[in-house]
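Below is one structure, written out as structure tokens; comments come after it.
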Amino acid sequence: MGRAADAKEAALYGKLKFRGEECTVPKQAIIKNPQYISIGKKFSALYNLRLEAWDKYGEQTFTPELTIGEWVSMGTDVHIGCINKITIGDHVLMGSRIYISDHAHGDISAASFALPPIKRPLVSKGPIVIEDNVWIGEGACIMPNVRIGKNAVVGANAVVTKDVPANAVVAGAPAKVIKKVEA
35 MGRAADAKEA ALYGKLKFRG EECTVPKQAI IKNPQYISIG KKFSALYNLR LEAWDKYGEQ
95 TFTPELTIGE WVSMGTDVHI GCINKITIGD HVLMGSRIYI SDHAHGDISA ASFALPPIKR
155 PLVSKGPIVI EDNVWIGEGA CIMPNVRIGK NAVVGANAVV TKDVPANAVV AGAPAKVIKK
215 VEA
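So that you can map any letter, position 143 of the sequence shown is 177 in my numbering, and since no number is skipped, the others follow by simple counting.
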């Protein structure tokens with residue numbers, strides 16, 4: 035591995051839109067279209083990281099923007115898919131098996147269901163914003179058009195389909211507020 039892996043890492047870093055100092059990206063990470071991805075300083079991730087910024091899908095074209103703040107830490111098997119805009123603030127902690135996507139294969143309609151999922155156009159209902167100091171637990175899913183407020187906690191296996199207020203703890207599928215902390 036040695037030199038080849040180091041060369042791959044150097045090439046990847048050179049293609050990122052922005053990369054802060056002292057980032058740790060696993061060598062086997064899958065990073066699609068790094069020119070649309072910015073990563074802040076002190077970023078770290080464990081194995082099986084997938085950062086996908088889709089600028090083309092079939093006949094569709096997109097201008098994705100995936101921004102990851104400073105001091106963000108991700109566990110294993112984190113998958114982030116972007117066709118629109120995903121912003122992750124500073125000091126965000128993510129467990130393993132996290133899925134974050136601002137898009138879906140088609141919408142919920144008869145016309146969409148007439149096509150196999152792989153042939154449906156990608157659609158985004160809106161961007162995702164994860165503010166500073168958020169903790170996302172193991173196995174959580176963050177869906178399109180969601181804002182997670184500062185200092186929020188997303189419980190393990192939660193499916194976030196609506197905004198999460200600042201200083202709140204959410205859990206469940208779909209995620210609901212189970213506790214608020216007065217700051």
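Virtual Cβ for every residue (Gly too), placed ideally from N, Cα, C. What you are looking at is a predicted structure, and each value in this text was computed from that prediction instead of being measured.
- Assigned with DSSP and collapsed to three states, residue 158 falls in coil, not helix or strand.
- In this chain, the alpha helix (DSSP H) harbouring residue 144 covers 144-147.
- If you check the CB distance, residue 217 and residue 194 do not come in under 8 Å.
- Burial state of residue 204 is buried, judged by a 10 Å Cβ sphere holding 16 or more other Cβ atoms.
- Going by C-alpha positions, residue 144 is about 21 Å away from residue 93.
- Nearest in C-alpha terms to residue 73, of all of 91, 62 and 107, is 107.
- Taking a C-beta distance under 8 Å as the contact criterion, residue 102 and residue 128 do not qualify as a contact pair.
- The distance from the Cβ of residue 136 to that of residue 116 is about 6 Å, consistent with a contact at the 8 Å cut-off.
- Burial is judged here by how many other beta carbons sit within 10 angstroms of a residue's own beta carbon; residue 77 has at least 16 and is buried.
- Counting along the chain, residue 214 sits inside the beta strand (DSSP E) bounded by residues 210-214.
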